[in-house]
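Each remark here refers to the structure printed beneath this line.
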Amino acid sequence: MDVEEVDPISGRKTTGHEWNGIKELDTPVPRGVLLFLVVTHVFALLWWVLLPTWPLGTTYTKGLLGIDERNVVEEKLAAAAAARAVWEKRIDTLSYEQIRADEGLMATVRSTGHQVFGDNCAVCHGVDGKGRSNYPDLTDDDWLWGGGPEDIEQTLRVGINTRHIESRVAQMPSFGRDQMLERNQVRDVAAYVYSLTNPEYSTPENIGRIEAGREVFLTTCAACHGEDARGSREVGAPNLTDAYWIYGGTMQSIIESVHGGRQGHMPTWDERLTPAEIKILALYVNSLGVEKP
1 MDVEEVDPIS GRKTTGHEWN GIKELDTPVP RGVLLFLVVT HVFALLWWVL
51 LPTWPLGTTY TKGLLGIDER NVVEEKLAAA AAARAVWEKR IDTLSYEQIR
101 ADEGLMATVR STGHQVFGDN CAVCHGVDGK GRSNYPDLTD DDWLWGGGPE
151 DIEQTLRVGI NTRHIESRVA QMPSFGRDQM LERNQVRDVA AYVYSLTNPE
201 YSTPENIGRI EAGREVFLTT CAACHGEDAR GSREVGAPNL TDAYWIYGGT
251 MQSIIESVHG GRQGHMPTWD ERLTPAEIKI LALYVNSLGV EKP
C-alpha cells in the first residue's frame, strides 16, 4: 500500500500529484461552497417543477403555478390601453381650448406628445424641435401655414406637397434654371431680399442693385410673399423680413433658392397616427413655439 504523505507546513495530506516539485494538497471543498451548490440545485429543481420550463415538441411544461409571462405582458398592455382610452376619448371630444384649460390633461399631452414626436418627427426636426438644415425650426413661433393647433393638425393630417387630396401645396419656382429671370436679375432680387434682414448691406455701392432687385421682386415674387415681403400663410410663402430661414439666409443661399427654386415635403400622417395622436401632436408642437424654457 502507498504510504500517505503529510505536508509538513499545512499538516494536510497530499494527493500524490506533483508538478515541478509542487505537491497537491488533499484539501476538501469548503462547506460554504457545498451548501451553495446544494441550494442552487434544489432551487433549479423547484423552478423546473413550478414554472414553464421544458420544451416538448410543439408545447412545453406549464409548471404547477400556471404562470405565463406572455399572458402577464398581454394583461399589462390591455390595462395600459384601457387607461389610455380614457384620456384619449377626452382629447377626441374636447376642443383645443378646453384641453389647454385642463392642466392635468395638458401634462398628459406633453408627455405623450414628446414620445409621438420623438418616434415620428424628430428624424427631421430634431428631438428638441429646433430643426436642422432644410428642415424648419418648430420652436421659433414662425410658421409657413399657421401655428395654431388647428392649423398644425391640418398640416399633420394632409402633409405638404403629398398625394393627399387635401395636401397643402407650395413650390418656389426655379427662376434662374428655368430662365424666367436673367442671371443679373437673380442676383439683384437676391440682394434685395438679403438687405431686408441685413440693413448694413444697404450701402451706396449696393443701393442700385437693391433697388433693381426690388423691382424684380414686385413683379415676380410679391404675388406669394407680398409686396412687403412678409409672406402669406394662405400659400405657405415664408416671411422674408424676420431672419428665420429654412434654406439659409446668406447671400449665396438666397441666390441658390431664387435660381433653383425650393419645394419642401412633409408626409401625411393621417394613416400612420390616430386622430387623437394627431391632436396630441398638434398641441405638443404648438407648445414648442409658445412655451419657451
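Residues in the sequence shown are numbered consecutively from 1, following the UniProt record's numbering. Ideal placement from N, C-alpha and C gives every residue a C-beta, glycine not left out.
When DSSP labels each residue in this structure, what does residue i get in the three-state scheme?
i, result
"L94", "coil"
"T250", "coil"
"Y60", "strand"
"Y284", "helix"
"M266", "strand"
"S167", "coil"
"S202", "coil"
"M145", "The amino acid occupying residue 145 in the given sequence is Trp; Met does not appear at that position. In the structure shown, W145 sits in coil (DSSP, three-state: anything other than H, G, I, E or B)."
"M106", "helix"
"I67", "coil"
"P173", "coil"
"P275", "helix"
"W19", "strand"
"D140", "coil"
"V42", "helix"
"M1", "In this predicted model, M1 has a pLDDT of only 40, less than 50, meaning its place in the structure is not dependable enough to derive any value."
Measuring CA to CA, which of the options is closest to residue i?
i, options, result
"Q154", "W19, K13 and P267", "P267"
"L181", "F217, M106 and L288", "F217"
"I152", "W269, E18 and R214", "W269"
"R272", "H125, L37 and L156", "L156"
"G236", "S253, N161 and R84", "N161"
"G147", "A80, S195, L281 and N20", "L281"
"K23", "P136, D228, Y135 and G11", "G11"
"R262", "A222, P238 and I278", "P238"
"I254", "R187, P30, R183 and V29", "R187"
"E234", "Q179, A223, W145 and D7", "W145"
"T250", "T274, G231 and A191", "A191"
Under the DSSP definition of a beta bridge, which residues are partnered with residue i?
i, result
"T14", "L25"
"V6", "K13"
"Y135", "R132"
"S232", "A237"
"A160", "Residue 160 is actually Ile in this sequence, not Ala. DSSP, once it has assigned bridges, lists R168 and M266 as partnering I160."
"P55", "Y60"
Any chance the stretch 169–176 sits against the stretch 251–263, with 3 or more Cβ pairs inside 8 Å? yes
With three or more C-beta pairs closer than 8 Å as the rule, is the stretch 104–112 touching the stretch 238–251? no
Contact the stretch 115–135 vs the stretch 204–211: 3+ CB pairs below 8 Å: no
Using 8 Å as the threshold, is the stretch 190–198 in touch with the stretch 214–233, meaning 3 or more CB pairs across them? yes
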